[in-house]
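**Q**
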Amino acid sequence: MIDRDQVLHVARLARLRLEEGEIDRMASELSSVLDHIEKISELELGDVPPTSHVIDVENVLRADEPRASWPVERVLEPAPDAAGGGFRVPTPGQ
Amino acid sequence: MSSDLLKISAAEAAEGVRAGTVDAGELFALYRDRIKDLDDRVGAFLWQADEAGTSDPGPLGGVPIAVKDLFCTEGIPTTAGSRILEGHRPLYTAKAVRDLNAAGAPMLGKTNMDEFAMGSSNENSGFGPVRNPWDPERVPGGSSGGSAAAVAAGLAPWAIGTDTGGSIRQPASLCGIVGLKPTYGAVSRYGMVAFASSLDQCGPLTRTVTDAALLLRHLAGRDECDSTSLGLPEEVTLPSRTSLEGLRFGVPRELGSDAQGVEPGVGEVFDRTLERIRELGGEVIDVGLPHAPHGIAAYYVIAPAEASSNLARYDGVRYGLRSGNGTLLELYERTRAEGFGAEVKRRIMLGTFALSAGYYEAYYGRAQRVRTKIADDFRSAFGACDFVVTPTSPTVAFELGARTDDPLAMYMADYCTVPMSLAGIPAVSIPAGLAEPSGGGGPPRGLPVGFQIAGPAFSEILMLDAAFALEQAIGFDTTRAFL
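Next comes the structure, spelled out in structure tokens:
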């Protein structure tokens, strides 16, 4: 179960603004999915190691050689607001 | 001429171009014009190319390919099915697309998909649903729904898509074509818009197993831009096997024809296919995957957790949609609220919750341990058999709108495909027959049912060889839904 306050807290963490009408619906949909997910709490998993990567690869390194990157102007082309060779954003506020 | 050209497989067309009996330019024009004339009935394409570009037919014979809109293409709109990337033109092209172009497969167009590959019906696209060519009132599956529908409708000779929990295999099953998810790491993910990085994998959607093998040959490889990529141990050979003698197929009790939610019609086709395996000399045995029923639960922690992190980059600063003029925080929140659809928001919320302080171990930690158990289950099963076989999807194609109000019911569409994704192993879905939906309705001839064959990591060549033998014996007509 997840309640309205938790939904608002998580939405803030995720930088998502939810409309008033979305909040309760989100709470009920997430709760039904979490109810299903919680079935894994019944499993005996004491000393089972977690898997973060399924295929055995370790310490993949490449040669540390300098190579050309894109010019700044190119990278700024798709930007919604570019200025002075950078991405312009509003003030972070108080 | 043009209807013959349409019905031959992509590999045959490539062969024809090399032998001089098929003209690559004519082939491209045929498909380009069909998309222009017919795609409004399916909605498979978000963008289409006017010309093939390069003229060197290469080993893929100039046979054009449809590309899921999750692959970045330089200067060509790449949306990932999301309004937040509407009109976005990437600076570079994905490795998979570059390799296929270099091998002689020009891009035919970019295909519709569930937003950021999150969905099993293509109804989560920000640009409208895709219709199943077998029945326009039904979904094509997802998230590679546009690629699957394009191939099934005869609007593309072949296509590529991506599979995170079933997104190639499930739409291939629902559209009556072949869909292959390679071993995690076989194909570079460079330039694929990231959803869940530990699961995402690129693969072919085709009308024949041979076509899938041919594409895999040119897709697989180690890429220094994706340090998780390994390629395959040897070059992919084209399948030729006609007998299944000496091969053992394991049917997991948990995912067989009487598993949770499997429609009777799907179960019948599955059981009939097991009979065919025996007729071809293969052995069918029972195996256990005791943790597979927990696959959906583990997947819906792991995939949203990774997605919540991967999708943090869409913030209205560097590219894509920007909305809001207040503070920086308001700009982030408004951009993401306006740009993301309902399912993407749900998954970001789920993932953020699962990773948040106090819940991490209970959800993410446990899910990763379940993942280990599922991978162990497969390892034990492969000690007793060469392949694990299941229905690809518990149901045939369902009606548009049937599951949009019930996220969990939608998630269950991947019940039989998610365990292989969590284990990182390869799996292919081939069309095995037709069945009626359990609620009745659908076209009188029935709707396609997919049969899934999964093998140990890097067993693609043998797996496709077995799939080929079965495909020949089944003789499914993949041109039946052509528009």
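If you read the sequences in order, they're chains A and B.
When the count follows the numbering used here, it moves up by one through the first sequence with no breaks and lands on 98 for the last residue.
When the count follows the numbering used here, it moves up by one through the second sequence with no breaks and lands on 1301 for the last residue.
Idealized CB from N, CA, C, for every residue including glycine.
The structure displayed is predicted, hence computed values, not measured ones.
1. Please report the distance separating the alpha-carbon of Val1011/B from that of Thr911/B.
2. Looking at C-alpha atoms only, which residue of Leu824/B, Leu1240/B and Gly861/B is the closest neighbour of Ala1116/B?
3. Could you tell me which chain B residues have their CB closer than 8 angstroms to the CB of Glu62/A, listed as they occur along the chain?
4. Please classify Asn942/B: is it buried, with 16 or more other beta-carbons within 10 angstroms of its beta-carbon, or exposed?
5. Our contact map puts Leu823/B next to Leu848/B with C-beta atoms below 8 angstroms; I'd like the distance itself, whole angstroms only.
6. Does any C-beta atom of chain A lie closer than 8 angstroms to the C-beta of Gln1186/B?
7. Could you tell me the boundaries of the beta strand (DSSP E) in which Pro1022/B lies?
8. Let me make sure I understand the geometry here. Which of Leu1226/B, Glu1053/B and Leu1168/B has the alpha-carbon closest to that of Ile1114/B?
9. To test your reading of the DSSP string, which unbroken beta strand (DSSP E) runs of 3 or more residues are found completely within the stretch 850-879 of chain B?
10. Say whether chain B places a C-beta atom closer than 8 angstroms to the C-beta of Glu69/A.
11. Are Gly899/B and Arg836/B close, meaning C-beta to C-beta below 8 angstroms?
12. Based on DSSP bridge pairs, tell me the residues matched to Ala87/A.
13. Is there at least one Cβ from chain A nearer than 8 angstroms to Gly963/B's Cβ?
14. By the DSSP assignment, the beta strand (DSSP E) with Glu933/B in it spans what residues?
15. If we count the other Cβ atoms within 10 Å of its Cβ and call it buried at 16 or more, is Thr95/A buried or exposed?
16. How big is the Cα-Cα spacing for Ala966/B and Asn930/B?
17. Does the CB of Thr1190/B have a neighbour CB from chain A at under 8 angstroms?
18. Return the chain-ordered list of same chain residues with a C-beta closer than 8 angstroms to the C-beta of Glu1254/B, the five sequence neighbours on each side being excluded.
19. Since Asn1143/B meets chain A, which of its residues come closer than 8 angstroms, beta carbon to beta carbon?
20. In or out: Cys1043/B buried (at least 16 other Cβ within 10 Å) or exposed?
21. If we ignore side chains and look at the alpha-carbon of each, how far apart do Asn950/B and Asp1224/B end up?
22. I need the straight-line Cα distance from Glu955/B to Pro947/B, nearest angstrom please.
23. Taking the beta carbon of Met819/B as the centre, do at least 16 other beta carbons fall within 10 Å, making it buried, or is it exposed?
24. Given 8 angstroms as the limit, is there contact between the stretch 1030-1037 of chain B and the stretch 1050-1066 of chain B, that is, 3 or more CB pairs closer than that?
25. Might you give, ordered along the chain, the residues of its own chain that have their beta carbon closer than 6 angstroms to the beta carbon of Tyr1002/B, omitting 5 neighbours on each side?
26. Between Met1281/B and chain A, is the shortest Cβ-Cβ distance under 8 angstroms, so that the two count as touching?
27. Looking at C-beta atoms only, is the number of pairs between the stretch 981-992 of chain B and the stretch 863-877 of chain B that lie closer than 8 angstroms three or more?
28. Whole angstroms is fine: what's the gap from Gly1138/B's alpha carbon to Leu22/A's?
29. Give, in chain order, every residue of the stretch 72-85 of chain A whose Cβ lies closer than 8 angstroms to some Cβ of chain B.
30. Since Arg1136/B and Leu20/A should fall inside the 8 angstroms C-beta cutoff, what is the C-beta to C-beta distance between them, to a whole number of angstroms?
31. Terminal residues of the continuous beta strand (DSSP E) containing Pro1082/B?
32. When the Cα of Thr1297/B is compared with those of Arg1066/B, Pro877/B, Ala1284/B and Ile995/B, which residue comes out closest?
33. Alpha carbon to alpha carbon, what distance is there between Asp28/A and Arg1189/B?
34. Would you mind sorting Arg71/A into buried or exposed? The rule is 16 or more other CB atoms within 10 Å of its CB.
35. Measure how close the beta-carbons of Ala831/B and Val840/B come, nearest whole angstrom, since I'm counting them as under 8 angstroms.
36. Could you check whether the stretch 1176-1194 of chain B touches the stretch 1104-1112 of chain B, counting it as contact only if at least three pairs of C-beta atoms, one from each stretch, sit closer than 8 angstroms?
**A** Checking against the coordinates, here is how it stands:
1. 11 angstroms
2. Leu1240/B
3. The premise fails here: Glu62/A is roughly 11 angstroms from chain B at the closest Cβ pair, so nothing lies under 8 angstroms.
4. buried
5. 6 angstroms
6. yes
7. Gln1019 to Thr1024
8. Leu1226/B
9. 863-866
10. no
11. no
12. Gly90/A
13. no
14. Segment: none, Glu933/B is in no beta strand (DSSP E) and carries neither H nor E.
15. exposed
16. 10 angstroms
17. yes
18. Gly1083, Val1214, Gly1260, Gly1264 and Leu1265
19. Pro94
20. exposed
21. 21 angstroms
22. 11 angstroms
23. At Met819/B, the pLDDT of 48 sits below 50, so the modelled position is not reliable and the matter cannot be decided from this model.
24. yes
25. Gln1019 and Gly1242
26. no
27. no
28. 20 angstroms
29. Trp74, Arg78, Val79, Glu81, Pro82, Ala83, Pro84 and Asp85
30. About 19 angstroms separates the two Cβ atoms, so there is no contact after all.
31. First-last for Pro1082/B: Pro1082 to Glu1097, but that is the alpha helix (DSSP H), not the beta strand (DSSP E).
32. Ile995/B
33. 31 angstroms
34. exposed
35. 6 angstroms
36. yes
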